[in-house]
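Protein chains in written order, with the working numbering: chain R, 3 to 362; chain C, 19 to 855.
Where a beta carbon is used, it is the ideal one built from N, C-alpha and C, also for glycine.
In this text the structure is predicted, and so the values were computed from the model without any measurement.
#1: What residues of chain R sit near residue 493 of chain C, judged by a beta carbon separation below 7 angstroms?
#2: Are the beta-carbon atoms of residue 652 of chain C and residue 702 of chain C separated by less than 8 angstroms?
#3: Since residue 282 of chain C and residue 182 of chain C are thought to touch, with beta carbons under 8 angstroms apart, how far apart are those beta carbons, to the nearest angstrom?
#4: Pick helix, strand or coil for residue 307 of chain R, following the three-state DSSP scheme.
#5: Below 8 angstroms on C-beta distance, what does residue 732 of chain C contact in chain R?
#6: Taking all protein chains shown into account, decide if residue 283 of chain R is buried (16 or more other Cβ within 10 angstroms of its Cβ) or exposed.
#7: So, does the CB of residue 251 of chain R fall closer than 8 angstroms to a CB anywhere in chain C?
#8: In angstroms, rounded to a whole number, what distance separates the CA positions of residue 141 of chain C and residue 63 of chain C?
#9: Does the beta carbon of residue 243 of chain R come closer than 8 angstroms to any beta carbon on chain C?
#10: Of all Cβ atoms in chain R, is any one closer than 8 angstroms to the Cβ of residue 636 of chain C?
#11: Does any C-beta atom of chain C lie closer than 8 angstroms to the C-beta of residue 227 of chain R?
#12: Along the chain, where does the beta strand (DSSP E) containing residue 426 of chain C start, and where does it finish?
#13: What do you get for residue 17 of chain C, buried or exposed, if any count of 16 or more other CB atoms within 10 angstroms of its CB means buried?
#14: Which residues, in chain order, does the region 479-491 of chain C contribute to contact with chain R at a C-beta distance below 8 angstroms?
#15: In whole angstroms, what is the alpha-carbon distance linking residue 23 of chain R and residue 38 of chain R?
#16: CB-CB under 7 angstroms to residue 194 of chain C, same chain, minus the five flanking residues each way: which ones, in chain order?
#17: Taking 8 angstroms as the threshold (beta carbon to beta carbon), is residue 360 of chain R in contact with chain C?
#18: Does DSSP put residue 362 of chain C in a helix, a strand or coil?
#19: Whole alpha helix (DSSP H) runs in the region 149-176 of chain C with 4 or more residues, listed along the chain?
#20: The beta strand (DSSP E) with residue 379 of chain C in it runs from where to where?
#21: Determine the DSSP secondary structure at residue 228 of chain C, reduced to helix, strand or coil.
#22: Please state whether DSSP places residue 323 of chain C in a helix, a strand or coil.
#23: Would you decide whether residue 213 of chain C is buried or exposed? Buried here means 16 or more other CB atoms lie within 10 Å of its CB.
#24: My parser needs the alpha helix (DSSP H) runs of 4 or more residues fully inside the region 221-303 of chain C; what are they?
#25: Taking its Cβ as the centre, do 16 or more other Cβ atoms sit within 10 Å of residue 246 of chain R, making it buried, or is it exposed?
#26: Less than 8 angstroms separating the beta-carbons of residue 487 of chain C and residue 451 of chain C?
#27: Terminal residues of the continuous beta strand (DSSP E) containing residue 495 of chain C?
#28: Buried or exposed for residue 520 of chain C, going by 16 or more other Cβ atoms inside 10 Å?
#29: Do we get a CB-CB distance below 8 angstroms when we pair residue 286 of chain C with the residues of chain R?
#30: I need the straight-line Cα distance from residue 295 of chain C to residue 352 of chain C, nearest angstrom please.
#31: Looking only at DSSP bridge pairs, what is residue 294 of chain R linked to?
#32: Going residue by residue through the region 28-77 of chain C, where are the continuous alpha helix (DSSP H) segments of at least 4 residues, counting only ones entirely within it?
#33: Nearest chain R C-beta to residue 569 of chain C closer than 8 angstroms, yes or no?
#34: From the DSSP output, which residues share a beta bridge with residue 537 of chain C?
#35: Please tell me whether residue 620 of chain C has its Cβ less than 8 angstroms away from any Cβ of chain R.
#36: Answer with buried or exposed for residue 848 of chain C, where buried requires no fewer than 16 other C-beta atoms within 10 angstroms of its C-beta.
Here you go:
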């Protein structure tokens with residue numbers, strides 16, 4: 003019995019000490035005193051050895067319970083002290099942010115001051131710079147720049163693009179799905195093409211649009227693939243648009259971006275959303291067409307896919323395929339940026355190392 | 019699909035260098051992934067005559083063989099096989115030879131005896147499979163003089179292999195014949211399909227073949243043919259050679275011929291060992307629930323009613339139709355009679371079954387794309403022919419549950435010209451289509467009625483034929499022109515122009531742009547001090563660290579800061595413009611592209627290093643607001659955690675978000691999602707403010723909460739600016755207005771007020787401006803001073819005022835009046851005390 007009553011005392015004393023601690027340091031000391039190695043609680047534990055097994059078990063359990071309660075008190079006190087310390091820090095460091103924006107014109111309001119310390123000019127991202135250059139080339143050719151959401155539904159990303167459920171061509175895209183709505187109904191767009199559908203759904207031709215944006219494919223990152231990447235594509239829908247216009251537009255873009263003397267060529271290919279479909283190559287940017295390792299000696303490098311909009315796509319968005327024809331093409335901006343700069347590994351784009359960013 | 023040139027030439031006289039042919043294939047849409055030139059075949063391996071065989075004095079498993087390699091000199095080799103006799107012709111790999119598997123042959127001692135080369139087995143030469151016993155390939159007597167290269171005896175020549183990536187719409191090109199047909203058409207060479215003899219032997223029974231009524235859809239055609247007299251040795255040497263070049267391995271005569279026919283014609287087929295089947299019959303039926311079959315790869319496959327099962331005459335499943343045969347009736351070296359199944363299956367059903375069973379096979383690859391239903395009889399004849407003269411076949415039982423139907427498609431030359439930009443006539447189109455097997459019938463000048471060959475299921479519509487016309491015409495021959503200029507040239511939208519301006523302003527302010535991943539983990543969000551409510555989860559992430567979509571740019575930017583600091587970067591200032599995602603909250607009504615997702619374009623900036631504190635973030639905000647002419651930029655602050663929520667977000671107008679396709683005037687409305695309060699919680703409670711414009715809050719500005727910085731191993735302060743870009747840029751702008759500039763001199767004076775810490779300097783400034791009236795040109799806070807002498811919780815704010823009138827020179831009395839009004843107003847409104855006043 004004496005052990006039990008002294009146990010109560012020990013607990014009461016320990017609790018009082020812990021609650022009285024007014025700093026984290028003091029709390030640590032109080033905790034050692036309350037249930038540390040040299041505490042009375044520890045001494046009581048040591049006395050257990052002299053008892054009968056039954057006594058040992060019941061008293062031992064009591065001691066453990068007391069220890070657990072004291073630890074809980076200590077944890078609670080610690081949280082209180084930390085919170086008030088954070089609050090004290092918040093108060094002591096409190097700053098009137100409007101002191102930093104103090105220059106004002108009496109009539110037109112606050113004036114921005116020169117930044118201090120004065121900083122050297124920063125850097126736009128390589129991908130941004132290439133994207134803007136591509137946009138500008140097409141804007142100068144009379145295109146608008148269209149954008150759309152990165153989280154998409156199955157209709158815009160697949161079905162309306164002539165890839166109904168279970169279409170084998172869906173296997174060409176490894177898709178990330180989101181836990182939203184019906185299973186596999188909401189996804190991260192695998193290409194910028196859903197914006198084609200949104201454009202054609204929202205208005206009648208003529209449409210001359212270029213679509214840059216972020217896309218997602220479930221590819222394990224390697225030197226040539228990153229799961230989050232950027233694409234640009236174009237869509238033209240009008241009366242009398244032909245493959246000659248497609249080839250001419252790509253040729254014009256190639257010259258504008260890569261320089262005079264550079265050409266593009268089309269090779270037949272297959273995409274569910276275009277017919278006829280093609281892949282397009284451009285004059286190798288390393289050797290200028292003479293043949294080198296980059297182009298495997300052919301003088302050409304594959305850049306992207308293109309084709310005439312498939313009538314099935316027009317049917318999905320209610321455009322009269324007898325009256326209108328159109329073309330579309332697309333390619334990866336990151337790859338183009340990598341090609342232009344000689345960047346060998348696309349994964350560099352994932353790190354945002356300033357030694358990389360600040361080169362451009 | 020690997021296509022050896024020698025094999026392609028079986029079908030057409032194809033001429034040209036490998037490079038020219040590769041280019042021609044590419045321009046047909048058959049992507050050439052590689053061109054392999056085999057070089058000399060089996061160099062260093064010659065025919066030798068066995069002169070004598072002797073026991074090895076100290077080994078039982080090898081013997082000594084003397085051979086004559088053609089020069090009459092006896093050469094001793096050690097050999098582990100005992101199947102040759104004196105006088106036999108055998109292949110000798112001479113010293114210095116490198117075997118097809120890469121093994122170099124040298125002169126070496128085996129158990130004390132010299133071996134000057136190696137006698138070769140069929141599998142070492144890749145002529146046939148490894149036998150059960152070691153055996154040297156014994157060549158037919160008299161087939162060659164000793165010393166002749168073995169390749170010559172086998173009829174093997176250097177070859178070129180085109181490795182092609184065949185697109186899924188061209189099932190016919192999953193065969194050498196199909197590739198040859200396209201290539202011949204492009205080169206203008208006559209194409210000749212194989213024409214094996216059709217000889218039915220007397221006395222060989224007809225198989226009993228049927229398709230269950232409910233399986234007609236799954237199996238449009240099923241044929242069965244009994245073949246007796248299977249050769250015991252091996253398939254012809256050219257079969258083995260071509261299989262190896264195509265990437266397969268010789269196994270035994272029946273399997274080799276089966277594979278050869280599949281590669282050559284594109285017709286998968288399945289030979290069963292008739293003696294291991296329950297009778298000479300085959301049934302195509304649906305699987306029954308719980309039914310199982312062991313496939314050739316040894317796996318137990320559980321079947322369903324969606325699967326087409328091939329069963330024997332007694333009803334036992336012997337294979338998964340069109341995908342893989344069963345182990346029970348597998349061909350072995352002792353097979354003497356075969357029941358050959360050549361069939362056609364429904365592509366969609368094959369795809370579904372294959373996917374469900376996780377079973378890839380050459381047959382599935384072809385059937386799920388669509389195999390020519392008319393090919394079966396030719397495939398059977400070719401199969402028998404390749405087995406050699408000893409093979410005897412019975413009549414073929416042929417069940418067609420779906421009758422053959424010719425596809426006819428109308429093609430207008432005028433339409434082709436419209437789509438392609440060409441000027442082709444009807445006869446031009448006909449001329450281009452015919453070599454591919456299309457049968458065009460002219461219907462007037464412009465129109466053709468085109469019968470589509472059975473091997474081109476991809477050609478169902480006019481546009482499909484137009485693509486064929488274009489392929490054969492040559493994409494390169496299509497003239498190039500630019501489209502007519504579109505009416506009205508929209509260029510960049512105001513939103514897009516302003517977004518570029520934002521980037522330029524930030525870069526001009528010294529920040530570098532980052533692109534961080536759109537993925538994050540819940541731990542990333544918690545570490546950044548953000549809530550996790552409303553975050554969107556990815557169903558199938560690459561790994562758990564990328565299991566969620568970012569609801570804020572902050573975690574990615576902090577990760578980038580940490581990455582750079584771990585690499586000893588000094589001061590850093592990074593920004594990003596990108597989309598963030600969340601589940602819609604109760605307040606998020608209004609039109610969105612997707613009901614289930616709120617997606618917004620945000621701007622985030624973080625900076626560390628000397629001077630990168632809350633004041634810096636405020637300066638960046640000011641620079642942005644001024645650069646974009648945003649009206650009424652304000653900072654709402656003073657809210658500590660126990661003091662409540664951030665200021666209420668005001669009503670905002672609708673404006674152009676980053677999504678274009680909404681019709682004009684109905685842009686994406688600003689959904690008041692929860693992101694502001696999340697971002698608020700991540701900031702230093704004493705150093706944060708809500709960035710506010712005339713019509714409402716657009717983001718937060720300040721310093722990162724110290725514990726968040728600590729959790730990212732960042733010591734020191736981190737300036738943070740997080741803005742909803744679509745709200746910011748959707749905001750109406752200050753009007754363009756040229757304020758008159760006075761030509762008169764100014765009167766300057768300073769005023770220092772002691773005010774409570776709680777009074778924002780900006781409020782004092784506004785009071786100064788209001789009290790001073792029109793003659794105040796500008797004012798600036800130039801000093802903040804804190805000292806015990808000012809009283810607890812008080813500080814001194816020193817302002818510099820510049821007075822100037824538009825129409826006259828101000829007098830001392832004017833200035834004194836203004837000074838008096840200002841002092842009075844500030845003292846009354848803010849409880850301020852004029853220092854030194």
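From the atom records:
#1: Locating residue 493 of chain C in the second chain gives position 475, where the first residue counts as 1. 268, 269, 270, 280, listed in chain order.
#2: As a position in the second chain, residue 652 of chain C is number 634, starting the count at 1. As a position in the second chain, residue 702 of chain C is number 684, starting the count at 1. Taking 8 angstroms as the Cβ cut-off, residue 652 of chain C and residue 702 of chain C do not qualify as a contacting pair.
#3: Locating residue 282 of chain C in the second chain gives position 264, where the first residue counts as 1. Locating residue 182 of chain C in the second chain gives position 164, where the first residue counts as 1. With 8 angstroms as the limit, residue 282 of chain C and residue 182 of chain C do not qualify as a contact, their Cβ atoms being about 15 angstroms apart.
#4: Taking the first chain and counting its residues from 1, one reaches residue 307 of chain R at position 305. Strand.
#5: Here residue 732 of chain C is taken as the residue at index 714 of the second chain, counted from 1. Near residue 732 of chain C there are no residues of chain R at all, since even the closest Cβ is about 15 angstroms away, more than 8 angstroms.
#6: In the first chain, residue 283 of chain R corresponds to position 281, counting from 1. Buried is the call here.
#7: Residue numbering aside, residue 251 of chain R sits at position 249 when the first chain is read from its first letter. Output row for residue 251 of chain R: interface = yes.
#8: Taking the second chain and counting its residues from 1, one reaches residue 141 of chain C at position 123. Taking the second chain and counting its residues from 1, one reaches residue 63 of chain C at position 45. Taking the straight line joining both Cα atoms gives about 14 angstroms.
#9: The residue you call residue 243 of chain R lines up with position 241 of the first chain. Using beta-carbon distances, residue 243 of chain R counts as an interface residue toward chain C, with a partner under 8 angstroms.
#10: For the purposes of this step, residue 636 of chain C is taken as the residue at position 618 of the second chain. True, the Cβ-Cβ gap to chain R drops below 8 angstroms.
#11: Taking the first residue of the first chain as 1, we reach residue 227 of chain R at position 225. Closer than 8 angstroms to the CB of residue 227 of chain R there is not a single CB belonging to chain C.
#12: Position 408 of the second chain, counting from 1, holds the residue named residue 426 of chain C. It spans 425-430 - the beta strand (DSSP E) in which residue 426 of chain C sits, taken as one unbroken run.
#13: Given that chain C is displayed from residue 19 to residue 855, the structure contains no residue 17 of chain C and the question cannot be resolved.
#14: Going along the region 479-491 of chain C in chain order, one finds 479, 481, 482, 484, 485, 488, 489 with a Cβ nearer than 8 angstroms to chain R.
#15: What you label residue 23 of chain R is simply residue 21 of the first chain in a count that begins at 1. What you label residue 38 of chain R is simply residue 36 of the first chain in a count that begins at 1. Going by the C-alpha atoms only, they are around 16 angstroms apart.
#16: In the second chain, the residue the question calls residue 194 of chain C occupies position 176. Correct list, in chain order: 21, 25, 26, 281, 282.
#17: As a working mapping, residue 360 of chain R is identified with position 358 in the first chain. Closer than 8 angstroms to some Cβ of chain C, the Cβ of residue 360 of chain R qualifies, so yes.
#18: In the second chain, counting from the first residue as 1, residue 362 of chain C sits at position 344. Here residue 362 of chain C sits in strand by DSSP.
#19: 168-172
#20: By one-based count along the second chain, residue 379 of chain C stands at place 361. Where residue 379 of chain C is concerned, there is no enclosing beta strand (DSSP E), given that its DSSP letter is neither H nor E.
#21: Residue 228 of chain C sits at position 210 when you count from the first residue of the second chain. Correct three-state label for residue 228 of chain C: strand.
#22: By one-based count along the second chain, residue 323 of chain C stands at place 305. Coil.
#23: For this step, residue 213 of chain C is matched to residue 195 along the second chain. It is exposed - the Cβ of residue 213 of chain C has fewer than 16 other Cβ atoms within 10 Å.
#24: 255-263, 271-283
#25: Working through the first chain from its first residue, we reach residue 246 of chain R at position 244. That one is buried.
#26: Within the second chain, residue 487 of chain C is the residue found at index 469, counting from 1. Within the second chain, residue 451 of chain C is the residue found at index 433, counting from 1. The answer is yes: Cβ separation under 8 angstroms.
#27: Here residue 495 of chain C refers to the residue found at position 477 when the second chain is read from its first residue. From DSSP, residue 495 of chain C is part of no beta strand (DSSP E); its letter is neither H nor E.
#28: Locating residue 520 of chain C in the second chain gives position 502, counting from the first residue. Label assigned to residue 520 of chain C: buried.
#29: Looking up residue 286 of chain C in the second chain gives position 268. No, because no Cβ of chain R sits closer than 8 angstroms to the Cβ of residue 286 of chain C.
#30: Along the second chain, one-based indexing puts residue 295 of chain C at 277. Along the second chain, one-based indexing puts residue 352 of chain C at 334. Straight-line spacing of the CA atoms in residue 295 of chain C and residue 352 of chain C works out to 14 angstroms.
#31: Here residue 294 of chain R refers to the residue found at position 292 of the first chain. Residue 294 of chain R pairs with nothing; no bridge assigned.
#32: 36-44
#33: Walking along the second chain from the start, residue 569 of chain C turns up at place 551. For residue 569 of chain C, the answer is no, since every Cβ of chain R falls outside 8 angstroms of its Cβ.
#34: Counted from its first residue, the second chain places residue 537 of chain C at position 519. According to DSSP, which records beta bridges pairwise, residue 537 of chain C is partnered with C/567.
#35: The residue given as residue 620 of chain C occupies position 602 in the second chain. Taking Cβ atoms only, chain R never reaches closer than 8 angstroms to residue 620 of chain C, which makes this a no.
#36: In the second chain, residue 848 of chain C corresponds to position 830, counting from 1. Buried is the call here.
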